[in-house]
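Here the structure is laid out as structure tokens; the discussion comes afterwards.
2 protein chains.
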Amino acid sequence: MSGLFLPEDDAVTPALRGFARAHAGLVELSEDPAFLRARDRDPRRAVGLVSGGGSGHEPLHAGFLGRGMLDAVAPGQVFASPHNRQVLYASRAAAGPGGVLHIVKNYTGDRINFGIAAERLRLEGIEVRRVLVDDDLATDSAQTATGRRGTGATVVVEKLLGAAADEGRGLEELAGLGAAVAAASRSLAVASRAQTSPHTAAPAFELGTGELEYGVGIHGERAARTIERPPLPRLLARMLDELLAGLPAGSDDLLVLVNGLGATTQLELYGIFEHVAEDLGGRGLGVAESLVGTFVPALDMAGFSITLTRLDEGWRRWWRAPVSTPAFPVQEA
Amino acid sequence: MSGLFLPEDDAVTPALRGFARAHAGLVELSEDPAFLRARDRDPRRAVGLVSGGGSGHEPLHAGFLGRGMLDAVAPGQVFASPHNRQVLYASRAAAGPGGVLHIVKNYTGDRINFGIAAERLRLEGIEVRRVLVDDDLATDSAQTATGRRGTGATVVVEKLLGAAADEGRGLEELAGLGAAVAAASRSLAVASRAQTSPHTAAPAFELGTGELEYGVGIHGERAARTIERPPLPRLLARMLDELLAGLPAGSDDLLVLVNGLGATTQLELYGIFEHVAEDLGGRGLGVAESLVGTFVPALDMAGFSITLTRLDEGWRRWWRAPVSTPAFPVQEA
Numbered sequence: 001m002s003g004l005f006l007p008e009d010d011a012v013t014p015a016l017r018g019f020a021r022a023h024a025g026l027v028e029l030s031e032d033p034a035f036l037r038a039r040d041r042d043p044r045r046a047v048g049l050v051s052g053g054g055s056g057h058e059p060l061h062a063g064f065l066g067r068g069m070l071d072a073v074a075p076g077q078v079f080a081s082p083h084n085r086q087v088l089y090a091s092r093a094a095a096g097p098g099g100v101l102h103i104v105k106n107y108t109g110d111r112i113n114f115g116i117a118a119e120r121l122r123l124e125g126i127e128v129r130r131v132l133v134d135d136d137l138a139t140d141s142a143q144t145a146t147g148r149r150g151t152g153a154t155v156v157v158e159k160l161l162g163a164a165a166d167e168g169r170g171l172e173e174l175a176g177l178g179a180a181v182a183a184a185s186r187s188l189a190v191a192s193r194a195q196t197s198p199h200t201a202a203p204a205f206e207l208g209t210g211e212l213e214y215g216v217g218i219h220g221e222r223a224a225r226t227i228e229r230p231p232l233p234r235l236l237a238r239m240l241d242e243l244l245a246g247l248p249a250g251s252d253d254l255l256v257l258v259n260g261l262g263a264t265t266q267l268e269l270y271g272i273f274e275h276v277a278e279d280l281g282g283r284g285l286g287v288a289e290s291l292v293g294t295f296v297p298a299l300d301m302a303g304f305s306i307t308l309t310r311l312d313e314g315w316r317r318w319w320r321a322p323v324s325t326p327a328f329p330v331q332e333a
Numbered sequence: 001m002s003g004l005f006l007p008e009d010d011a012v013t014p015a016l017r018g019f020a021r022a023h024a025g026l027v028e029l030s031e032d033p034a035f036l037r038a039r040d041r042d043p044r045r046a047v048g049l050v051s052g053g054g055s056g057h058e059p060l061h062a063g064f065l066g067r068g069m070l071d072a073v074a075p076g077q078v079f080a081s082p083h084n085r086q087v088l089y090a091s092r093a094a095a096g097p098g099g100v101l102h103i104v105k106n107y108t109g110d111r112i113n114f115g116i117a118a119e120r121l122r123l124e125g126i127e128v129r130r131v132l133v134d135d136d137l138a139t140d141s142a143q144t145a146t147g148r149r150g151t152g153a154t155v156v157v158e159k160l161l162g163a164a165a166d167e168g169r170g171l172e173e174l175a176g177l178g179a180a181v182a183a184a185s186r187s188l189a190v191a192s193r194a195q196t197s198p199h200t201a202a203p204a205f206e207l208g209t210g211e212l213e214y215g216v217g218i219h220g221e222r223a224a225r226t227i228e229r230p231p232l233p234r235l236l237a238r239m240l241d242e243l244l245a246g247l248p249a250g251s252d253d254l255l256v257l258v259n260g261l262g263a264t265t266q267l268e269l270y271g272i273f274e275h276v277a278e279d280l281g282g283r284g285l286g287v288a289e290s291l292v293g294t295f296v297p298a299l300d301m302a303g304f305s306i307t308l309t310r311l312d313e314g315w316r317r318w319w320r321a322p323v324s325t326p327a328f329p330v331q332e333a
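Residue numbers (the UniProt record's numbering), protein chains in the order written: chain R, 1 to 333; chain W, 1 to 333.
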């Protein structure tokens, strides 16, 4: 039996049912194949926004279904890509007159399954484009053919695209915007304890006291480096040094996402955010927009990620556009 | 150094500053003494709602500041009551023409410090009443003079009182309503891993694999019983048996809160909620309203609590009244 409170046979189906039950005013579950869709969308929206991926990262993606964000999502098993049939059915349900845009985190399985679904949709006469989110600086290496992983920036992409889609923008424009947001974003994650393995009830990897996995992935992919843990301000300064060096040039209006990886408390995350804001201030950089909380976890990993996005002209308005979803916070005036 | 990502000297001040920075549109921080207040309130509200308590339970209480819920909160150090000066200043800032209502979880330190503040407020001519939240069934024993602890039901009390206060109701009526909501609520919590001690970096208590602390408190207070872990449906059936037996008679419209204790994922919490709803259905009971997520954690404890509230006439409308706070979810149509 796992240390997690998950049923032994099927961890995902009861959770999807419970999610749809708890948010019956906002979302609807179809079970075979499994996908969730939003009940409501802005009448101006011409392009359906579809995302998905392995489970264990909630509230991503289903928590962002609803007015102002996503139209449908395809949830896989824990840390496993959804089947292409799930993506196909989700996309059919979400497609608007302008087609459907897939928001895909850069993992091989997701790329393949969203790709097969896209081919099938095109055969049915539905236009499809893809936004690939690849923000994880820890996998930014010329040595890997797969490229950077997709992590925290997915939330930023989904929020900005949702607001832009609500203005009636077309598929090409939204695909271009999504690519621009992903390109303007970099993330870096550290962990002090691995997530619990659903199979063994034990941590998925071992870290000694005082060690940090620096550059960990959201499925517990090990980092290139296990480091001795520095005091928090020094750790954050190092992460910001690397993030700012890795970000392409652009606007100095930064969106800062401090994201918990599962077991990290709000007390920690808001303290981290405050240190990040002070550190950026010392570099002459301000925080234009922010989001602090557990939005893209890796099951119950103890750790956090920082995502920086350079906000281009007009993006702040989209960031602040109102939404009505299970998990995205109230947008403040 | 702790396993938590907290500064070594002061865990709370940076988090308060980060919280106020991230939610500057909704809340405002005063630092000496430390309290947070909402920037906005319904003009019909005559009575200020003030809560507070030890830190480490976020989003409780500060996440519920704002229109439709709380007016001010006094945050203590981790798991420690706020100083009475904090409560005093928070209450002065929040008091309306009809006075101020203190929402207090039943712990000795909180009772004492809110009590001293109330005396001082009365000397200043501000009317004060208190709602004591005491929902934890695990401490429902004739042997303890202190009575049941206050846990998850605090969120329910704060939400319902917020909506009722927005209708301009007076201090006596709100105090009576709060007492009725607390009396109609019972909670029970289980943990599979203790929270990390901020002092030792180790779990605050040890549990073997396959063991559960049954009836744990939100500060890691040990339960009367450490049990062998049953399969999830059997565990939930036992918890519901005891909760339903402990609830006073009343309405069959149940509000179900499935609350994570810190490290428990949404995948788990929504799965638990689904099992709870099915189990209640098998008893001929429905789920009238629900809330699923991490709202009253015990730092990074792995575990969850279930709160049941019997919803009296009119309470569902208050539960569904719109709010604008950092952490309470969108209310669905």
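Note that beta-carbon positions come from the ideal geometry of N, C-alpha and C, so glycine has one too. All values reported here derive from a predicted model rather than from experimental measurement.
So, using beta-carbon positions, are residue i and residue j closer together than 8 Å?
{"i": "Pro97(W)", "j": "Ala38(W)", "result": "no"}
{"i": "Gly99(W)", "j": "Ile126(W)", "result": "yes"}
{"i": "Val323(W)", "j": "Gly152(W)", "result": "no"}
{"i": "Gly52(R)", "j": "Val87(R)", "result": "yes"}
{"i": "Tyr89(R)", "j": "Phe35(R)", "result": "yes"}
{"i": "Leu160(R)", "j": "Trp319(R)", "result": "yes"}
{"i": "Gly66(R)", "j": "Leu137(R)", "result": "no"}
{"i": "Thr264(W)", "j": "Ala302(W)", "result": "yes"}
{"i": "Val292(R)", "j": "Ala22(W)", "result": "yes"}
{"i": "Glu158(R)", "j": "Phe64(R)", "result": "yes"}
{"i": "Phe5(R)", "j": "Leu232(W)", "result": "yes"}
{"i": "Leu194(W)", "j": "Gly220(W)", "result": "Note on residue identity: the sequence assigns Ala, not Leu, to residue 194(W). Yes, the Cβ-Cβ distance between Ala194(W) and Gly220(W) is below 8 Å."}
{"i": "Leu280(R)", "j": "Leu254(R)", "result": "yes"}
{"i": "Pro33(R)", "j": "Ser55(R)", "result": "no"}
Tell me residue i's beta-bridge partners as DSSP assigns them.
{"i": "Glu173(W)", "result": "Per DSSP, none; premise fails for Glu173(W)."}
{"i": "Asn106(W)", "result": "In the DSSP output, where bridge partners are listed per residue, Asn106(W) has none listed."}
{"i": "Glu242(R)", "result": "The partner list for Glu242(R) (beta bridge, DSSP) is empty, contrary to what the question assumes."}
{"i": "Asp136(W)", "result": "Ser187(W)"}
{"i": "Ala72(W)", "result": "Arg37(W) and Val50(W)"}
I need the straight-line Cα distance from residue i to residue j, nearest angstrom please.
{"i": "Met1(W)", "j": "Leu188(R)", "result": "Because the pLDDT of Met1(W) is 45, which lies under 50, any placement of that residue in the model is unreliable, and the number read from its coordinates should be weighed accordingly. Distance between the alpha carbons of Met1(W) and Leu188(R) is about 22 Å."}
{"i": "Phe205(R)", "j": "Thr307(W)", "result": "34 Å"}
{"i": "Ser192(R)", "j": "Pro7(W)", "result": "15 Å"}
{"i": "Pro203(W)", "j": "Arg234(W)", "result": "27 Å"}
{"i": "Arg317(W)", "j": "Gly282(R)", "result": "48 Å"}
{"i": "Ala298(R)", "j": "Arg238(W)", "result": "30 Å"}
{"i": "residue 334(R)", "j": "Arg129(R)", "result": "There is no way to answer for residue 334(R), as the model of chain R reaches only from 1 to 333."}
{"i": "Leu16(R)", "j": "Ala80(R)", "result": "15 Å"}
{"i": "Ala165(R)", "j": "Ala24(W)", "result": "27 Å"}
{"i": "Thr144(W)", "j": "Asn106(W)", "result": "13 Å"}
{"i": "Asp9(R)", "j": "Val73(W)", "result": "43 Å"}
{"i": "Val181(W)", "j": "Ser290(R)", "result": "35 Å"}
{"i": "His57(R)", "j": "Glu268(W)", "result": "11 Å"}
{"i": "Asp252(R)", "j": "Val104(W)", "result": "44 Å"}
{"i": "Phe228(W)", "j": "Pro59(W)", "result": "Sequence check: residue 228(W) is Glu here, not Phe. Each residue's alpha carbon lies about 31 Å from the other."}
Taking the alpha carbon of residue i as the reference point, which residue from the options has its own alpha carbon closest?
{"i": "Val258(R)", "options": "Gly250(R), Val276(R) and Pro248(R)", "result": "Val276(R)"}
{"i": "Glu173(R)", "options": "Leu101(R), Gly260(R) and Thr294(R)", "result": "Leu101(R)"}
{"i": "Pro326(W)", "options": "His61(W), Ala201(W), Thr200(W) and Ala302(W)", "result": "His61(W)"}
{"i": "Ala118(W)", "options": "Asn84(W), Phe328(W) and Gly109(W)", "result": "Asn84(W)"}
{"i": "Asp110(R)", "options": "Arg122(R), Pro59(R) and Val50(R)", "result": "Val50(R)"}
{"i": "Arg225(R)", "options": "Gly150(R), Phe64(R) and Thr139(R)", "result": "Thr139(R)"}
{"i": "Gly147(W)", "options": "Val157(W), Ser185(W), Val156(W) and Asp134(W)", "result": "Asp134(W)"}
{"i": "Leu177(W)", "options": "His219(W), Ile218(W) and Val131(W)", "result": "Val131(W)"}
{"i": "Val190(W)", "options": "Pro248(W), Arg222(W), Arg169(W) and Pro198(W)", "result": "Arg222(W)"}
{"i": "Ser30(R)", "options": "Arg41(R), Gly68(R), Arg92(R) and Gly54(R)", "result": "Arg92(R)"}
{"i": "Ala201(W)", "options": "Glu211(R), Thr196(R), His199(R) and Ser197(R)", "result": "Glu211(R)"}
For the ligand GDP, is there any heavy atom lying closer than 7 Å to the beta carbon of residue i?
{"i": "Leu36(R)", "result": "Among the components modelled here there is no ligand, and therefore nothing to report on the ligand GDP."}
Can you check whether the C-beta of residue i is within less than 8 Å of a C-beta belonging to chain C?
{"i": "Ser305(R)", "result": "The structure shown has no chain C; the protein chains it does contain are R and W."}
Task: Residues of the region 316-328 of chain W whose Cβ lies closer than 9 Å to any Cβ of chain R, in chain order - done: Val323, Ser324, Thr325, Pro326, Ala327 and Phe328
Task: Members of the region 259-280 of chain W that neighbour chain R once the beta carbon cut-off is set at 7 Å - done: Gly262, Ala263, Thr264, Thr265, Gln266, Leu267, Glu268, Tyr270, Gly271, Ile272, Phe273, Glu274, His275 and Ala277
Task: Short-range partners of chain W found in the region 126-144 of chain R, where Cβ spacing is below 9 Å - done: none
TODO: Report the residues of the region 215-236 of chain W with a CB closer than 9 Å to any CB of chain R, ordered along the chain.
DONE: So the list reads Arg229, Pro231, Leu232, Pro233 and Leu235, given in the order they occur along the chain.
TODO: Check distances from the C-beta atoms of the region 6-23 of chain R to those of chain W and list, in chain order, the residues that come in under 8 Å.
DONE: Leu6, Pro7, Glu8, Ala11, Val12, Pro14, Ala15, Leu16, Arg17, Gly18, Phe19, Arg21, Ala22 and His23
TODO: Residues of the region 41-73 of chain R with a CB closer than 7 Å to any CB of chain W: list them in chain order, please.
DONE: Listed in sequence order: Ser55, Gly56, Glu58 and Pro59.
Task: Short-range partners of chain R found in the region 23-35 of chain W, where Cβ spacing is below 9 Å - done: Flagged, chain order: His23, Ala24, Gly25 and Leu26.
Task: Residues in the region 142-170 of chain W having any Cβ partner in chain R nearer than 7 Å - done: Residues passing the 7 Å Cβ filter: none.
TODO: Please list the residues of the region 170-192 of chain W that have a C-beta atom closer than 7 Å to any C-beta atom in chain R, keeping them in chain order.
DONE: Ser192
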